[in-house]
Amino acid sequence: MLKPLLGILLLLPGLLAAAELSQVGQKAAEQASKVAQQTEAAQLQKAQAAAGATAAREQAVLARQQQEPWEQSERQKAQQQFNERGQREAKYLQQAKEAAAKDHQMETPKMKIIKRKVVNN
């Protein structure tokens, strides 16, 4: 009877140590879970802050890009001048093509007749 009791007594510290290790492992797992949740919350806050900053920058860029009324009128004038210039160039090109297509004949030069004075000796 002593031998089985002695065997149990010898195994008891190992079982207690295993139980303690199990509790330590659970505590470590709980602590790791808490740290992971805190990290995730911090990353979420940073992402939200970055998204807010990005939206603010986008609004600032859009505000700078909005045109004033005078800018719009100047842009329209410039576009109109550009279109007129293109029309003039097209007209001149058409005239040049028509001139090149015509049959050109050179007129024979008319010579002026010079009258000679008769000199009496």
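Going letter by letter, the sequence shown gives residues -19 to -1, 1 to 102 in mature numbering (1 follows the signal peptide of the UniProt record, and there is no 0). Beta carbons: idealized from backbone N, C-alpha and C, even for Gly. Note that this is a predicted model, so its numbers are computed, not measured.
**Asked** Nearest-angstrom Cα distance between residue 143 and Glu21?
**Response** With the chain represented from -19 up to 102, any question about residue 143 goes unanswered, as that position is not in the structure.
**Request:** Please list, in chain order, all residues of the same chain as Lys78 whose beta carbon is under 7 Å from its beta carbon, the five residues on each side excluded.
**Result:** The residue labelled residue 78 in the question sits at position 97 within the sequence shown. Cβ within range, chain order: n/a, list empty.
**Message:** Can you give me the C-alpha to C-alpha distance between Gln68 and Leu74, rounded to a whole angstrom?
**Reply:** Within the sequence shown, the letter at position 87 stands for residue 68. Within the sequence shown, the letter at position 93 stands for residue 74. Gln68 and Leu74: Cα-Cα distance of roughly 10 Å.
**Message:** Taking the straight line between their C-alpha atoms, what separation do you get for Ala9 and Gln24?
**Reply:** Here residue 9 is taken as the residue at index 28 of the sequence shown, counted from 1. Here residue 24 is taken as the residue at index 43 of the sequence shown, counted from 1. When rounded, the distance between both Cα atoms is 22 Å.
**Request:** Output the residue ranges of the beta strand (DSSP E) runs that lie fully inside the region 25 to 88 and measure 3 residues or longer, sorted by chain position.
**Result:** none
**Message:** Using only the alpha-carbon positions, how far apart do Gln48 and Gln29 sit?
**Reply:** What you label residue 48 is simply residue 67 of the sequence shown in a count that begins at 1. What you label residue 29 is simply residue 48 of the sequence shown in a count that begins at 1. Their backbone Cα atoms lie some 31 Å apart in a straight line.
**Item:** Backbone CA spacing between Glu11 and Gln19 [nearest angstrom]
**Value:** Counting from one through the sequence shown, the residue named residue 11 turns up at place 30. Counting from one through the sequence shown, the residue named residue 19 turns up at place 38. Answer to the nearest angstrom: the Cα atoms are 12 Å apart.
**Message:** I need the straight-line Cα distance from Phe63 to Ala82, nearest angstrom please.
**Reply:** Here the question's residue 63 lines up with position 82 in the sequence shown. Here the question's residue 82 lines up with position 101 in the sequence shown. So the two alpha carbons sit approximately 29 Å from each other.
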